[in-house]
Amino acid sequence: MKYNLSIAKTTEKFYRMCAEEIVDVIRQKPNAVIGLSTGRTTGGIHKAMVDIYHEKPYDVSQVTIFGLDEVTGVSTDYFGSCYYMLLHECVLPLNIPMENYLMLPTHSDNWEEDCKKFCDELSRRGGIDLQVLGIGENGHIGFNQPGTPFTQRCFKGSMHDYLEQRIRKETNTPDDVELAGVTLGIADVMEAKRILLCANTKSKSEIMKKALFEEITEDVPASCLQRHPNLRVIVDEEAYTDIAEFVK
Ligand code: GLP
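Using our numbering, the letters of the sequence shown correspond one by one to residues 4 to 251.
Given below as structure tokens:
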């Protein structure tokens, strides 16, 4: 088999398997630096991390949790900001010290400087031990949309139209105020010591095939992961459908 790939039989098992991977890293290295992602896929994973903690507590006093990306132009109090989601899904329920919760800002006068500061802080803490990734239906990771160079470092990029429209509506942001996304770049993600790529539902099946078993191209940002030396992939049975033929 080309990848270290596991298939979960149910949604509940999918969340649980992904969460176990993250918790294992924390158990092995209590001061690990762990990058999480937000979205429909990862919300359930974070909940499972909290469930595991209640069943068999693990030390979270030294772990660093950071977000892969953030919506810009909104308040961190907005329930759709990545800050808010990770805070409520994971940081508060696990009681992670706030000084160990790192997020890119939602507003900045100097994105270049703030992105550099964020990455410098990750390096100061020893670099990324594990980066957890979801995948967009178009192959995006974080806010690295198709066409983003593989050499890209942390930057303010663009978001998908549908996501922008939803956030605009939910936050009453007028059309003349810019909404965008700030994200670790592909080059930053590829420097993580381990990557966990999580995908569930049928909607992710075809892009998982493109990303992992077809041409490595900047048109499919997640295809860069084929070159990562320590990639772990967890899918549910639906997301597995289109890749099954490659996994024999
Ligand atoms: C969003 C986020 C990504 C996330 C991806 C998948 O745009 N910026 O970090 O991994 O899209 O989201 P979902 O799991 O909701 O499909």
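Don't be surprised by glycine CBs; every beta carbon is placed ideally from N, CA and C.
For Ile68, the enclosing beta strand (DSSP E) stretches over residues 67-70.
Scanning the region 4-44 from its first residue to its last, the whole beta strand (DSSP E) runs of 3-plus residues come out as 7-11, 36-39.
By alpha-carbon distance to Leu125, the top candidate from Leu8, Ile198, Thr67, Arg30 is Thr67. Inter-residue distance for Arg19 and Ala35 is about 20 Å (C-alpha atoms, whole angstroms).
Excluding five sequence positions before and after Gly38, the CB atoms of its chain that fall closer than 6 Å to its own CB belong to Phe69, Leu71, Ile131, Gln134, given in chain order. At least one heavy atom of the ligand GLP falls within 7 Å of the beta-carbon of Asp72.
Annotation for Ser40 indicates a beta carbon within 7 Å of some heavy atom of the ligand GLP. Excluding five sequence positions before and after Glu217, the CB atoms of its chain that fall closer than 8 Å to its own CB belong to Val223, Ser226, given in chain order.
Secondary structure at Leu200: strand, using DSSP grouped into helix, strand and coil. In the structure shown, the three-state DSSP call for Arg169 is helix.
For Gly137, the closest alpha carbon among the candidates Met52, Ser64, Lys207, Thr220 is that of Lys207.
Check the Cα spacing between Lys12 and each of Val192, Lys251, Ile237, Asp245: the tightest is with Ile237.
No Cβ-Cβ contact shorter than 8 Å links His163 with Cys93. Here Phe121 is buried. Its C-beta has 16 or more other C-beta atoms within 10 Å. For the options Arg235, Glu173, Asp191, the alpha carbon positioned closest to that of Val77 is the one of Glu173.
The C-beta distance from Gly160 to Thr176 rounds to 18 Å, too long to meet the 8 Å contact threshold. The secondary-structure analysis by DSSP pairs Thr75 across a beta bridge with Ala183. Here the distance from the Cβ of Thr45 to the nearest heavy atom of the ligand GLP is below 7 Å. Bridge pairing for Leu136: Leu200 [DSSP].
Shown here for Leu89: same chain residues with a beta carbon closer than 8 Å to its own, the five before and five after excluded, namely Leu39, Thr41, His49, Ile68, Gly70, Tyr104, Met106 in chain order.
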